[in-house]
Amino acid sequence: MNAEKDILKLYVSEYLTDKVKYMIAAGGAAMSVSAFLWLIGTRKIFIVFLTVLFFFPLLSVFIWDFFHRWHYYHTLTDRMNVLNEKTLLHDVMNEADFAEGRFLQRLLQETDLYMNNQIADTQRRMDEYRDYVEVWVHEIKMPIAVLTLLMDKFDEGQEETIQVKQQIQYEIKRIDMLAEQALYYARSTFVAKDLMAESICLKEIVSDALKENSMILIRARAAISMEHLEYQVFADRKWLIFILGQIITNAVKYKKDIFSLSFSGMSEKENVRLEIRDNGIGISESDIGRIFDKGFTGENGRNGAKSTGIGLYLCRKLCEKMNLKIEAGSKKGEGTVITIIFPAGSMVRELM
Amino acid sequence: MDRKKQKVGIIEDEEQMRMEVEDLLKRYGYETVSYTDFEHICETVGRDTPDILLLDVNLPYKDGYEICREIRERYIFPIVMLTAQDSAMDEVMALKCGADDFVAKPYHPQVLTAHIDTIMRRVSDQSAGNRITHKGVTLNTASAVVTCQDKSAELTRNELKILYVLMQKPDRIVTREEIMGSLWQDGQFIDENTLNVNIGRLRKKLADIGAADYLETRRGMGYKV
Numbered sequence: 042m043n044a045e046k047d048i049l050k051l052y053v054s055e056y057l058t059d060k061v062k063y064m065i066a067a068g069g070a071a072m073s074v075s076a077f078l079w080l081i082g083t084r085k086i087f088i089v090f091l092t093v094l095f096f097f098p099l100l101s102v103f104i105w106d107f108f109h110r111w112h113y114y115h116t117l118t119d120r121m122n123v124l125n126e127k128t129l130l131h132d133v134m135n136e137a138d139f140a141e142g143r144f145l146q147r148l149l150q151e152t153d154l155y156m157n158n159q160i161a162d163t164q165r166r167m168d169e170y171r172d173y174v175e176v177w178v179h180e181i182k183m184p185i186a187v188l189t190l191l192m193d194k195f196d197e198g199q200e201e202t203i204q205v206k207q208q209i210q211y212e213i214k215r216i217d218m219l220a221e222q223a224l225y226y227a228r229s230t231f232v233a234k235d236l237m238a239e240s241i242c243l244k245e246i247v248s249d250a251l252k253e254n255s256m257i258l259i260r261a262r263a264a265i266s267m268e269h270l271e272y273q274v275f276a277d278r279k280w281l282i283f284i285l286g287q288i289i290t291n292a293v294k295y296k297k298d299i300f301s302l303s304f305s306g307m308s309e310k311e312n313v314r315l316e317i318r319d320n321g322i323g324i325s326e327s328d329i330g331r332i333f334d335k336g337f338t339g340e341n342g343r344n345g346a347k348s349t350g351i352g353l354y355l356c357r358k359l360c361e362k363m364n365l366k367i368e369a370g371s372k373k374g375e376g377t378v379i380t381i382i383f384p385a386g387s388m389v390r391e392l393m
Numbered sequence: 080m081d082r083k084k085q086k087v088g089i090i091e092d093e094e095q096m097r098m099e100v101e102d103l104l105k106r107y108g109y110e111t112v113s114y115t116d117f118e119h120i121c122e123t124v125g126r127d128t129p130d131i132l133l134l135d136v137n138l139p140y141k142d143g144y145e146i147c148r149e150i151r152e153r154y155i156f157p158i159v160m161l162t163a164q165d166s167a168m169d170e171v172m173a174l175k176c177g178a179d180d181f182v183a184k185p186y187h188p189q190v191l192t193a194h195i196d197t198i199m200r201r202v203s204d205q206s207a208g209n210r211i212t213h214k215g216v217t218l219n220t221a222s223a224v225v226t227c228q229d230k231s232a233e234l235t236r237n238e239l240k241i242l243y244v245l246m247q248k249p250d251r252i253v254t255r256e257e258i259m260g261s262l263w264q265d266g267q268f269i270d271e272n273t274l275n276v277n278i279g280r281l282r283k284k285l286a287d288i289g290a291a292d293y294l295e296t297r298r299g300m301g302y303k304v
């Protein structure tokens, strides 16, 4: 609203500035004529009368013109403020009956058309790229599957090959997880047609997530604890497992020598909370507000591994789509707690 | 578990994939047969009557789900669908057209065989021997009893799993990570200390039944029987 008032205030001062020239010219002309008439001896009263006769219509026209245009621009700014898709202004703007107004309209039509085409073009390219990523992930699952099977076949007859085999299996799993993450990222940009919410037992879903990520957790020598998870919540099973996987991956990445990871549930008021707690290197106060931002990579821990920075971003995005909340708390050097909050609704409380 | 004579039928059009799955199943003790005539798949399968059928979703000629439906209409042997994705949609589709189970790519070998085992157990007679024997020691997976000559000992769930995993790869080293991975897939999220404790207890029980050196340690590598 304030911006609108500023625009209009600006118009008033600009309008007056424009008209000053006319006023000066008119004033000059009037003065010259008056002086001449006075010189030739015309009665002063007639001079005054003529001056008034001259200026009165002129001023009236200016005043009328001002309000006429003011009304047009006021309506125009009103419509623009109410409009969501600003590039459709040319369609909803009020008709002008003066040259500048009409000129503006035609110009706006052209620029809006151009902009809308650009937007549609960009949108289309985004859609095409996203479709490509989906197909790509689908395709890459094939060699990943073949490699997984091949590695299982690889017989460790020689002791030297055992370590190599294990390392390869581990890396294959990491490739698989990155491909999964790419898929979720690609899908996160549009409305989820994939969302299938159901009633899930927390204990079961945590178990599933642990099994899914067993390779990296075992290698990281994690000590797992699970307690108070006998709650039923409402969410999409696959998405929740993916989210837990991202949290687990982070916990592994930023762990200290001794690694413990705990999952605990609790109910408070109308919510059920799932807390995932680790004893890793923690997150600094300056960073903690930003960890869910897209592209945030923070300090890179011991191994300096590069991070995509979208793991936690996706977690928050997916939580939003499922109507859940996700929060983080941390003490630098001591550990981190990620909490997922499941609001009440169609939810059955603790079954115990 | 005695897997002899369990015939697994495979319907998968990607040759590399099919060979790998065949190989995997053979190594785990199954007999395999692959069907490649995708046009007349229902008749071929029907005549052959495998004990269980693995059916890929993406097939030429006909849609995998449709084939599943057709087979299910006429035959009762269990069908496990192999899907490309893990989405809820795939799960619903698979179950709706009569499949008993579904496994998504990439196929973690243990996951695939676990699914097959589960279904087979459901179908076949359980009281019959689910036994493995190696170097004089017999493990009965149904009763969780390990026997050596006349002596026997009862095993806890974890001990059973550990011994089972080791006996699946006789004379070959199994890494600690592999053993722990197996236990984790079973829902037992143990850590290293717990594993050591379990191995120690298992060893003691084996010693009690006269198989003291059965479970060997390979420093830095793992264990083997």
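As given, the protein sequences belong to chains A and B, one line each in that order. Numbers in this note's numbering are just positions in the first sequence, counted from 1, shifted up by 41. Numbers in this note's numbering are just positions in the second sequence, counted from 1, shifted up by 79. Note that CB positions come from ideal geometry on N, CA and C, so glycine has one too. Bear in mind that the values here come from a model prediction, so they are computed numbers and not experimental data.
query, result
"Close beta carbons around Glu175(A), own chain, < 8 Å, minus the five adjacent residues each side", "Leu224, Ala227, Arg228"
"Ser327(A) versus Ser261(B): straight-line alpha-carbon distance, rounded", "41 Å"
"Nearest candidate by alpha-carbon position, reference His213(B), set Leu242(B), His194(B), Ile195(B), Asn237(B)", "Leu242(B)"
"Any 3 or more C-beta pairs closer than 8 Å across the stretch 259–275 of chain A and the stretch 297–313 of chain A", "yes"
"Backbone CA spacing between Val253(B) and Ile185(A) [nearest angstrom]", "23 Å"
"Residue-level contact to chain A via CB, Leu103(B), 8 Å cutoff", "yes"
"Opening and closing residue of the beta strand (DSSP E) in which Leu134(B) lies", "131–135"
"Exposure of Asn364(A), with buried meaning 16 or more beta-carbon neighbours within 10 Å", "exposed"
"Cβ-based contacts, 7 Å cut-off: residues of the stretch 214–230 of chain A near chain B", "Asp217"
"When Val100(B), Ile89(B), Phe117(B), Val276(B) are compared against Val187(A), the one with the closest alpha-carbon", "Val100(B)"
"Unbroken stretches of the beta strand (DSSP E), 3 residues or longer, contained in the stretch 110–193 of chain B", "110–113, 131–135, 158–162, 180–183"
"Candidates Leu191(B), Gln164(B), Arg236(B), of which the one nearest Ile131(B) by Cα", "Leu191(B)"
"Backbone CA spacing between Thr202(A) and Glu212(A) [nearest angstrom]", "15 Å"
"Distance between Ile332(A) and Gly370(A) (C-alpha atoms, nearest Å)", "11 Å"
"Neighbouring residues, chain B, relative to His269(A) (Cβ below 9 Å)", "Within 9 Å Cβ-Cβ: nothing; His269(A) doesn't reach chain B, min ~16 Å."
"Where the beta strand (DSSP E) through Val378(A) begins and ends", "376–383"
"Cα-Cα separation, Thr226(B) to Arg280(B)", "16 Å"
"Contact check, Lys182(A) vs Lys86(B), beta carbons under 8 Å", "no"
"Residues bridged to Ala238(A) [DSSP beta-bridge criterion]", "Asp277(A)"
"is_contact[His187(B), chain A] using C-beta, thresh 8 Å", "yes"
"Minimum length 4: unbroken alpha helix (DSSP H) runs contained in the stretch 299–342 of chain A", "326–329"
"DSSP state of Ile288(B) mapped onto helix, strand, coil", "coil"
"Contact between the stretch 280–287 of chain A and the stretch 277–297 of chain B (3+ Cβ pairs under 8 Å)", "no"
"Counted within 10 angstroms of its Cβ, other Cβ atoms place Gln395(A) as buried (16 or more) or exposed", "Nothing about residue 395(A) can be reported from this structure: the residues present for chain A run from 42 to 393 only."
"Endpoints, beta strand (DSSP E) assigned at Thr217(B)", "216–219"
"Other residues of its chain near Gln95(B): CB distance less than 7 Å, five sequence neighbours each side excluded", "none"
"Val100(B) at chain D interface by Cβ criterion, 8 Å", "Considering every chain present, this structure includes no chain D. Its protein chains are A and B."
"For Tyr186(B), the nearest candidate out of Gln164(B), Ile158(B), Tyr114(B) (CA to CA)", "Gln164(B)"
"Closer than 8 Å to chain B by CB, Ala276(A)", "no"
"Neighbouring residues, chain B, relative to Ser248(A) (Cβ below 9 Å)", "Gly266, Phe268"
"Exposed unless 16 or more other CB atoms sit within 10 angstroms - verdict on Lys46(A)", "exposed"
"Cross-chain neighbours of Ala163(B) in chain A, by beta carbon under 8 Å", "His179, Lys182"
"Whole alpha helix (DSSP H) elements within the stretch 48–109 of chain A, 4-residue minimum", "none"
"Tyr302(B) (DSSP reduced to helix, strand or coil)", "strand"
"Length of the line joining the Cα atoms of Ser248(A) and Tyr295(A)", "22 Å"
"Local Cβ density within 10 Å of Asp204(B), reported as buried at 16 or more and exposed below that", "At Asp204(B) the pLDDT is 48, less than 50, meaning the model places this residue with poor confidence and gives no usable figure here."
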